[in-house]
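In the numbering used here, the protein residues as written are 57 to 558.
Note that the Cβ used here is the ideal one computed from N, Cα and C, for glycine as well.
Values in this document were obtained by computation on a predicted structure and should not be read as measured data.
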């Protein structure tokens with residue numbers, strides 16, 4: 057059987073009821089105890105005063121018979137006992153009765169005698185006082201019925217049985233209403249969240265005007281919904297753009313093959329096969345890029361931690377870029393008449409994108425070989441994307457500079473071009489996915505707008521950054537900052553990788 061789970065309102069009310077009930081009962085018990093002790097002290101004081109009055113009445117050696125009554129309490133009774141315990145005098149109602157109470161030697165508490173049973177009630181408060189009257193030691197015993205104490209006990213019982221439940225019920229009802237009013241915004245938030253679906257994340261939960269915890273909860277949830285809404289929008293844009301980019305090479309392959317099949321005897325099949333291969337390569341690269349971005353979004357981008365010498369990596373990369381340019385020109389000129397329906401012919405990221413007369417140079421500003429810890433393949437892809445981007449927008453010159461970062465122990469790579477540059481308001485958007493900032497980034501160039509987005513993800517995975525600024529050459533400068541180490545020297549004779557100033 058599943059346990060019953062109370063609502064928060066019920067739990068708070070239940071706990072508050074227990075606390076209030078315990079406080080009420082504890083308060084009544086304290087009041088009862090204090091009142092009873094106070095009454096006992098008053099009665100005890102009066103009985104002692106009555107004993108002193110009796111002692112004064114027998115100071116001449118004789119005791120009045122009966123003993124005088126007590127003016128403050130007409131129900132008070134008394135006996136005067138000799139040293140041997142027999143009764144010397146008593147009040148009118150106790151005349152002729154045996155000794156009812158005695159006071160043992162060395163004790164201040166009177167002891168009830170068996171003879172008192174049946175003669176006087178049990179609920180009697182008694183005071184015994186030793187005194188010497190007319191040269192003879194006597195014990196004066198005074199007592200009165202405890203009617204006042206019984207009345208207080210009955211009044212306490214009445215309050216406990218009737219007053220406490222009524223007060224507790226009123227208090228619990230008030231707590232129930234107060235907690236319900238306090239939790240009303242929470243119920244409104246819950247209802248609003250229930251109505252929000254993944255298809256429409258523009259709705260928001262109501263925010264109370266108060267600055268308490270519930271108000272903070274509502275504002276936090278709205279902030280979360282805003283982030284989820286933005287993430288969903290980016291995901292939908294990403295899926296739409298990815299679908300379009302994937303459709304372009306597929307359409308080019310299909311169009312090329314349809315042209316060849318329409319004229320099988322006259323079609324240049326080697327050129328058709330080459331063009332279809334380029335489009336298939338473009339499709340493969342695009343899929344790989346999408347998979348890399350998906351892994352990066354899921355924090356599953358596997359990064360090796362190997363020492364990587366950036367100077368050697370950049371040298372090999374730029375040699376590859378330079379070598380690809382003439383081949384691209386001949387490849388681009390080999391088949392000018394075969395294309396897709398939207399004019400998308402060159403393969404994305406292939407040498408055709410580099411088929412331009414661009415001078416690519418490497419400048420080293422380091423005393424020794426800078427080394428970073430990371431994945432050589434991913435770092436190579438990041439740098440290749442930056443260089444490809446610079447070559448694509450350059451008018452004729454690209455300079456890659458390897459130097460020390462402004463912060464100690466960091467490596468900086470600057471990629472400068474002499475192209476149109478990137479306006480300051482658009483620089484952050486340049487790293488968004490599928491973003492093309494100008495006409496030079498049309499799909500006809502084979503660029504899907506993922507290169508810089510992938511480069512930033514790789515830099516972040518290596519605890520680095522990528523930023524955009526104005527280049528001294530007049531175009532854009534893409535700057536990569538990575539944590540660096542030094543490969544030169546040894547543990548006994550280390551060598552500084554960078555000079556003191558850059």
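Under the three-state reduction of DSSP output, residue 305 falls in the helix class. Runs of the beta strand (DSSP E) lying entirely within the region 436-480 and spanning at least 3 residues, in chain order: 453-460, 466-473. CA-to-CA, the gap between residue 525 and residue 469 works out to about 13 Å. DSSP lists 427 as the bridge partner or partners of residue 365. At the C-beta level, residue 491 and residue 485 come within 7 Å of one another.
Within a 10 Å sphere around the beta-carbon of residue 472 sit 16 or more other beta-carbons, which makes this residue buried.
In the structure shown, residue 324 adopts coil according to DSSP, grouped into three states. Three or more beta-carbon pairs separated by less than 8 Å are not found between the region 60-76 and the region 172-185, which leaves the two stretches without contact. According to the DSSP secondary-structure assignment, residue 183 is paired through a beta bridge with 198. One thing to note: residue 323 has its Cβ no nearer than 7 Å to the Cβ of residue 309.
Between the alpha carbons of residue 240 and residue 216 lies a distance of about 35 Å. In this structure, the CA atom of residue 434 is about 43 Å from the CA atom of residue 318.
Taken through DSSP and simplified to helix, strand or coil, residue 125 comes out as coil.
Counting along the chain, residue 506 sits inside no beta strand (DSSP E), nor does DSSP assign it H or E at all. Taking all protein chains in view, the Cβ of residue 295 is surrounded by fewer than 16 other Cβ atoms within 10 Å, so the residue is classified as exposed. Counting C-beta atoms within 10 angstroms of its own C-beta, residue 90 has fewer than 16 neighbours from the protein chains shown and is therefore classed as exposed. Apart from the 5 residues on each side of it in sequence, residue 299 has no Cβ closer than 8 Å to any other Cβ in its chain. The continuous alpha helix (DSSP H) containing residue 244 extends over residues 220-251.
In this structure, the alpha-carbon of residue 330 lies about 20 Å from that of residue 379.
Each of 370, 302, 428, 335 was checked against the Cα of residue 360, and the nearest Cα belongs to 428. Each residue's CA atom was taken as its position, placing residue 231 and residue 224 some 10 Å apart. Beyond the five residues adjoining it in sequence on each side, residue 539 comes within less than 8 Å, by CB distance, of 428, 429, 465, 466, 467, 518, 519, 520 in the same chain, given in chain order. Nearest C-alpha to residue 413 among 442, 421, 377, 436: 377. Assigned with DSSP and collapsed to three states, residue 336 falls in helix. Linking residue 70 to residue 269 through their CA atoms gives a straight-line distance of about 22 Å. For residue 160, the secondary structure class from DSSP, reduced to helix, strand or coil, is coil. Between residue 199 and residue 133, the C-beta gap is smaller than 7 Å, which places the two residues in contact. For the pair residue 192 and residue 105, the Cα-to-Cα distance works out to about 20 Å.
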